[in-house]
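J.: I have a structure I would like to understand better, so I am pasting it below and will then ask my questions one at a time.
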Amino acid sequence: MPDTHDKVVAMDSIDLMLAREDMDYEDPFIQYRQKGTEIKQLEMMYEGDQEYFKFHLRMVSGREFICLLDSKTYLIHRMTEINSDVDNNRIYGAFKTIDGLVFPQSITGSFGEQELILVRINPVFSDAVFKISAPMNYR
Numbered sequence: 004m005p006d007t008h009d010k011v012v013a014m015d016s017i018d019l020m021l022a023r024e025d026m027d028y029e030d031p032f033i034q035y036r037q038k039g040t041e042i043k044q045l046e047m048m049y050e051g052d053q054e055y056f057k058f059h060l061r062m063v064s065g066r067e068f069i070c071l072l073d074s075k076t077y078l079i080h081r082m083t084e085i086n087s088d089v090d091n092n093r094i095y096g097a098f099k100t101i102d103g104l105v106f107p108q109s110i111t112g113s114f115g116e117q118e119l120i121l122v123r124i125n126p127v128f129s130d131a132v133f134k135i136s137a138p139m140n141y142r
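Position 45, counted from 1, in the sequence shown is what this note's numbering calls 48; the numbers after and before it change by one each time, with no gaps.
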């Protein structure tokens, strides 16, 4: 694969659609119709004494997921991609409310565990953050 670290690379429509899905950190149930996501509710699922709503999601790209929602909190517990060559299973836990928004403090998957340690809502940035400087090799 060529090194594209410092280059702009065009994406075809399929790559763009997949990137948009991967970068969509919203709950997949939010605006699902506008996103083209199909959702079908399946049977209830139990793990020990915990009860979950079980859903089948089909994204506009054709990717499919099984999603488990906690029946008491309605928060996503697990998202598992199905019919894929890649192990894409995410388990969300240790939810915390920050400024009225609920965030998982832990996301575990085939990539290991990610721990969310800091959330800032609408932080103030200096204008300097958005200034573009000349490239280092500029003549």
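Here a beta-carbon is modelled for each residue, glycine too, at the ideal position from N, C-alpha and C.
1. Could you please give the first and the last residue of the uninterrupted alpha helix (DSSP H) stretch that includes Y35?
2. Determine which residues share a DSSP beta bridge with N92 and list them.
3. Ordered along the chain, which non-local residues of its own chain (more than five positions away) have a Cβ less than 6 Å from that of D102?
4. Helix, strand or coil for E54 per DSSP?
5. Quick one: using the 10 Å Cβ neighbour count with 16 as the cut-off for buried, is R36 buried or exposed?
6. Within 10 angstroms of the Cβ of I120, are there 16 or more other Cβ atoms? Answer buried if so, exposed if not.
7. Considering only the alpha carbon of each residue, which of R81, S113, S16 lies closest to L72?
8. Should P126 go down as buried or exposed, given a rule of 16 or more other Cβ atoms within 10 Å for buried?
9. Can you tell me whether DSSP reads I61 as helix, strand or coil?
10. Strictly by DSSP, which residues pair up with T111?
11. When you compare only the Cα positions, how much space is there between P31 and A13?
12. Between D88 and S113, how many whole angstroms is the CB-CB distance? I'm expecting something under 8 Å.
13. Using a Cβ-Cβ cut-off of 8 Å (strictly less than) and excluding sequence neighbours within five positions of M47, which residues of its own chain qualify?
14. What does the alpha-carbon distance come out to for the pair T100 and E116?
T.: Once the coordinates are examined:
1. 35–38
2. T83
3. I124
4. strand
5. exposed
6. exposed
7. R81
8. exposed
9. Going by the sequence as given, residue 61 is Arg instead of Ile. Here R61 sits in strand by DSSP.
10. I94, E116
11. 27 Å
12. Incorrect: roughly 12 Å between the Cβ atoms, too far for contact.
13. E54, Y55, F56, K57, S74
14. 20 Å
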